[in-house]
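Asks:
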Amino acid sequence: MIDLSVYIGGKKLKNPVLVSSGTFGFAKEYANFYDLKLLGGIAVKGITLKPRKGNKPPRIMETPAGILNSVGLENPGLDGFLEKELPFLRKYDVPIIANISGNTIEEYSLMAEKLNEHVDFIELNVSCPNVKEGGITFGTKPESIYEVTKEVRKATNIPLIVKLSPNVTDISEMAMAAEKAGADCISLINTLMGMAIDIDNRKPFFHNIVAGLSGPAIKPIALRMVWQVAQKVNIPIIGMGGISNWRDAIEFIMAGADAISIGTANFYNPLAPVEILKGIEEYMIKNNINSPKEIKINGGVVYHE
Amino acid sequence: MKREFCKILSNYEVADAVYKMVIESKSISKEALPGQFLHIKPSQNYDPLLRRPISICDLEQDKGRITLLYRVCGKGTSLFSGIKPGDYLDIMGPLGKGFPIFENKRTSIIGGGIGVAPLLYLSKRLKKADIYLGFKDEVYMIEEFMSCSDDIYIYTENGSRGSKGYPMEALEKNISFYDVVYACGPRKMLSAIKRLCEKNQVECYLSMEERMGCGIGACLVCACQSSNIEEYKKVCSDGPVFNSKEVSLDD
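Line by line, the protein sequences give chains S and Z.
The working numbering applies: residue -9 is where the first sequence begins, and numbers increase by one.
The working numbering applies: residue 202 is where the second sequence begins, and numbers increase by one.
1) Within the same chain, show all residues whose beta-carbon is closer than 8 Å to that of I(-8)/S, passing over the 5 residues directly before and after it, in chain order.
2) Could you list which residues in chain Z have their beta carbon closer than 7 Å to that of P48/S, in chain order?
3) Can you tell me whether A218/Z is helix, strand or coil according to DSSP?
4) When Cβ atoms are compared, which residues of the stretch 54 to 66 of chain S fall closer than 8 Å to chain Z?
5) Taking only beta-carbon atoms, is D248/Z less than 8 Å away from chain S?
6) Of the residues I315/Z, R272/Z and L251/Z, which one's Cα is nearest the Cα of I50/S?
7) Short of 6 Å in beta carbon distance, which residues of its chain neighbour L372/Z, apart from the five on each side in sequence? Order them along the chain.
8) Is the shortest distance between the beta-carbon of F71/S and the beta-carbons of chain Z less than 8 Å?
9) What is the residue span of the alpha helix (DSSP H) that D331/Z lies within?
10) Could you list the residues in the stretch 426 to 452 of chain Z with a C-beta less than 7 Å from some C-beta on chain S, going in chain order?
11) At a CB-CB cut-off below 7 Å, which residues of chain S make contact with A424/Z?
12) Out of I224/Z, F206/Z, K203/Z and Y247/Z, which has the shortest C-alpha to C-alpha gap to Y213/Z?
13) So which of C423/Z, I343/Z and D439/Z has the shortest CA-CA distance to F300/Z?
14) What three-state label does DSSP hand A318/Z in the structure shown?
15) In chain Z, which residues lie less than 9 Å from L261/S when you measure between Cβ atoms?
16) So, at 7 Å on beta carbons, what are the nonlocal neighbours of W236/S in its own chain, with the 5 sequence-adjacent residues on each side left out?
17) Taking the alpha-carbon of A216/Z as reference, which of S427/Z, S230/Z, L323/Z and I343/Z has the nearest alpha-carbon?
18) With a CB to CB cut of under 7 Å and the five nearest residues on each side skipped, what residues in its chain are close to T55/S?
19) Whole angstroms is fine: what's the gap from K446/Z's alpha carbon to A419/Z's?
20) For P132/S, does the three-state DSSP call read helix, strand or coil?
21) Within the 8 Å Cβ cut-off, does A419/Z reach chain S?
22) Going by the C-beta, is G366/Z closer than 7 Å to any heavy atom of the ligand NAD?
23) L203/S: which of P66/S, T127/S and V61/S sits nearest, CA to CA?
24) Spell out a yes or no on whether the stretch 102 to 116 of chain S and the stretch 140 to 156 of chain S are touching, meaning 3 or more CB-CB pairs, one atom from each, closer than 8 Å.
25) Could you check what DSSP says for L230/Z in three-state terms: helix, strand or coil?
26) Within the continuous beta strand (DSSP E) that includes A201/S, where are the two ends?
27) If D259/Z sits next to L321/Z, beta carbons under 8 Å apart, how far is it from one beta carbon to the other, in whole angstroms?
Here's what the structure looks like:
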């Protein structure tokens, strides 16, 4: 009898397939395509204390097998989220992950405190490349990740996920700092910093000059980073970065992820998460695997002979 | 709104780099309104990755047929141009908000270039709107528009067909005859139409274009400046058709 459930921070997810913050809005749009309770969890659009207008367009450019985005955390703010968006999400029996970004450690803590009883998980976004303040400024030094995680840990008693940026020299150091500060889970990776130039007008394509790269193009990098982090931490890992089909998902689990998250694939295939879940289930049945954990252990990869 | 694989009935060039494609879908043709769009995957591979938003140009509900008109301008549309009758495309739709239909008001429709695409089905639904169309040099779909209205003004930049110049010139002269103007075309043209209509207190609906991601309002990439300076509108789900007073086109 196969059991798809996985545990993160002591909380049970009915399956290991989540959807990534920033690619799923506040889920309303996707509820037209399938029953949201099929998902293991939903990471909602990144929220900030105050509403944010977001970056001036253009905000997207397609690249080979990927996209560059420069949305800049457009969101209705914490109160807007609680009042206008959360009631809809709460109609479904599905864990909600609130992804939060702050300008200061105090802002992160305040948001975590206010969200504490309303959501199931908090995901600290210390890795957004598209806003000047906050975001990534906390995410590229182990000391600042340790500081912000430790303070937020005090402000909330629900499981805390730290979402890491790949735009660092050694991502496992960041993961270890988060674990040491009391994080329950690491999610990775956020987008890779990229750029595009409009050669006809001789200027950067995006107003912010740099933008975040995602999609199948980044999958090998994300997979390598999940594997690196899995070598160094003992808390669960949510793997993401270009996962487009169930085979990709199995790769991430074999590399050390406990759960996986679908991002950019939602843009071109709204049914991607449910198709991937079905693929994982069929793979498990075919290979006589009873739980996602066994994919890692018994069916996992032998890295050294 | 659905996602389905639709059969392509025909797909051919009607002017330089402008193609007309007819697809079959009972469910889309039953639901679709003038001004809505379809979000189409150019290939089942990862490159190009995203869907392309293409306006619904015309539809025949009884036959379950939808006509699309598109200009080849990149990787995605170039792949569309190679699609053969009998092939299938992965299509989501109908998406977005269409044009509101005012049958008892004095209406006019103005389109520039490939911007004429979403206006044909609108012309049919409005029955007696005056129509202003502008093209660079080559004209297309004008017979179809002519069958919708007796009052049609055709302009080309070089005068090769119809009058020489821009359809705005005629609309400016006649603006006082209208209660509502519907428009689609280059941003500069839309901006001028917005100003003209607002100055003359004529209700105005603009069909906007922006690079899109999901097409359903989740990813927030197709932002368009709202007339409220504090926020952006989503072209895919708040639009693509906006009342001109909802948006700001001053860059």
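All residues carry an ideal CB built from backbone N, CA and C; glycine is no exception.
The model shown is predicted, which means the values in this text are computed figures rather than measured ones.
Replies: Checking against the coordinates, here is how it stands:
1) The residue given as residue -8/S occupies position 2 in the first sequence. Only E271, M274, I275, I279, N280 and S281 meet the Cβ criterion.
2) In the first sequence, residue 48/S corresponds to position 58, counting from 1. Within chain Z, the residues near P48/S are R412.
3) Here residue 218/Z refers to the residue found at position 17 of the second sequence. It is coil, neither helix nor strand.
4) Answer set for the stretch 54 to 66 of chain S: P54, A55, G56, I57, N59, V61 and E64.
5) One-based indexing of the second sequence puts residue 248/Z at position 47. Yes, D248/Z counts as interfacial toward chain S.
6) Here residue 50/S corresponds to residue number 60 of the first sequence, with the count starting at 1. Nearest of I315/Z, R272/Z and L251/Z to I50/S, Cα basis: L251/Z.
7) As a working note, residue 372/Z is residue 171 in the second sequence. Taken in chain order, the residues that qualify are I311 and Y333.
8) Sequence index remark: in the first sequence, residue 71/S carries index 81 (1-based). Taking a beta-carbon distance threshold of 8 Å, F71/S does not count as an interface residue toward chain Z.
9) For the purposes of this step, residue 331/Z is identified with residue 130 of the second sequence, where counting begins at 1. Run containing D331/Z: none in the alpha helix (DSSP H); it sits in the beta strand (DSSP E), D331 to F336.
10) E431, E432 and Y433
11) Counting from 1 along the second sequence, the entry for residue 424/Z is found at position 223. What A424/Z touches in chain S: G44, P47 and R49.
12) On the second sequence, residue 213/Z is found 12 positions in, with the first residue counted as 1. The candidate whose alpha carbon is nearest that of Y213/Z is I224/Z.
13) Taking the second sequence and counting its residues from 1, one reaches residue 300/Z at position 99. Among C423/Z, I343/Z and D439/Z, the Cα nearest to that of F300/Z is on D439/Z.
14) To locate residue 318/Z, count along the second sequence from 1; it is residue 117. Correct three-state label for A318/Z: coil.
15) Locating residue 261/S in the first sequence gives position 271, counting from the first residue. What L261/S touches in chain Z: R204.
16) Taking the first residue of the first sequence as 1, we reach residue 236/S at position 246. Taken in chain order, the residues that qualify are I266, G269, I270 and Y273.
17) For the purposes of this step, residue 216/Z is taken as residue 15 along the second sequence, with counting starting at 1. The shortest Cα separation from A216/Z among S427/Z, S230/Z, L323/Z and I343/Z belongs to I343/Z.
18) Here the question's residue 55/S lines up with position 65 in the first sequence. In the sequence on display, residue 55/S carries Ala and not Thr. For A55/S, where only same-chain residues beyond five positions count, the Cβ hits under 7 Å are G205, P206 and A207.
19) Taking the second sequence and counting its residues from 1, the one referred to as residue 446/Z is at position 245. Taking the second sequence and counting its residues from 1, the one referred to as residue 419/Z is at position 218. Using only the alpha carbons, I get a separation of about 24 Å.
20) Looking up residue 132/S in the first sequence gives position 142. Of the three classes helix, strand and coil, the one that applies to P132/S here is helix, per DSSP.
21) Position 218 of the second sequence, counting from 1, holds the residue named residue 419/Z. Yes, A419/Z counts as interfacial toward chain S.
22) Ligands in the displayed structure: none, and consequently the ligand NAD is not present.
23) By 1-based counting over the first sequence, the position of residue 203/S is 213. Closest by alpha carbon: V61/S.
24) Yes, since at least three Cβ pairs between the stretch 102 to 116 of chain S and the stretch 140 to 156 of chain S fall closer than 8 Å, the two stretches touch.
25) Here residue 230/Z refers to the residue found at position 29 when the second sequence is read from its first residue. Residue 230/Z is actually Ser in this sequence, not Leu. Residue state, collapsed to three classes: helix.
26) Taking the first sequence and counting its residues from 1, the one referred to as residue 201/S is at position 211. Start and end: V200 to S204.
27) Taking the first residue of the second sequence as 1, we reach residue 259/Z at position 58. Taking the first residue of the second sequence as 1, we reach residue 321/Z at position 120. With a Cβ gap of about 5 Å, D259/Z and L321/Z count as contacting.
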